[in-house]
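Notes follow the structure.
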Amino acid sequence: MNSHDKSYQYSEHYVKLDTSTKNFIDLVMSITSHAHRCESCQLDPEDFIKVYSSRNKLLGSGESITWAKAISSVISDIIQRKDNVAELLFGEVKH
């Protein structure tokens with residue numbers, strides 16, 4: 012599976028959304044698709060977090076990290092600009 016199903020982008024409800032909302036939905040869909048590919052390749056949730064948010068508070072915490080927890084934590088970091096992409100784009104990370 013090289014890419015996630017984007018058929019939702021052609022639905023009447025999606026088309027009517029504002030651009031910001033569409034971008035956020037696309038981000039969530041992309042992240043969950045990537046998580047699925049990682050899980051299918053036997054990677055663990057911690058590796059997934061490292062890709063998106065290498066300073067994530069779950070890393071090194073000793074806490075058990077499920078895939079659901081990893082995905083929600085990464086999305087939270089992205090919203091708060093604590094992710095690796097924000098660091099590259101904005102030159103700072105808010106961790």
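Position one of the sequence shown corresponds to residue 12 (this note's numbering), numbered consecutively onward. We put the CB at the ideal spot given by N, CA and C, even for glycine. Just so you know, these numbers come straight off a predicted model, no measurement behind them.
> Whose C-alpha, out of S72, K68 and L28, is nearest the C-alpha of S87?
Replying inline: K68
>> Among Q20, L28 and E57, whose alpha-carbon lies nearest the alpha-carbon of S41?
In response: Q20
>> Measuring only the C-alpha atoms, how far is K27 from N95?
In response: 31 Å
> At what residues does the alpha helix (DSSP H) containing R92 begin and finish?
Replying inline: R92 -> no alpha helix (DSSP H), and no H or E assigned at all.
> Taking all protein chains shown into account, do 16 or more other C-beta atoms lie within 10 angstroms of the C-beta of M12, making it buried, or fewer, making it exposed?
Replying inline: Low per-residue confidence applies at M12: pLDDT is 40, beneath 50, and the placement is therefore not dependable enough to give any value.
> Of the choices S51, S64 and D58, whose alpha-carbon is the least far from that of Q91?
Replying inline: S64
> In whole angstroms, what separates the C-alpha of G73 from that of S18?
Replying inline: 39 Å
> Given a threshold of 16 other Cβ atoms within 10 Å of its Cβ, counted over all protein chains shown, does A79 qualify as buried or as exposed?
Replying inline: exposed
>> Considering Cα atoms alone, identify which of I82, H24 and E23 is closest to D55.
In response: I82
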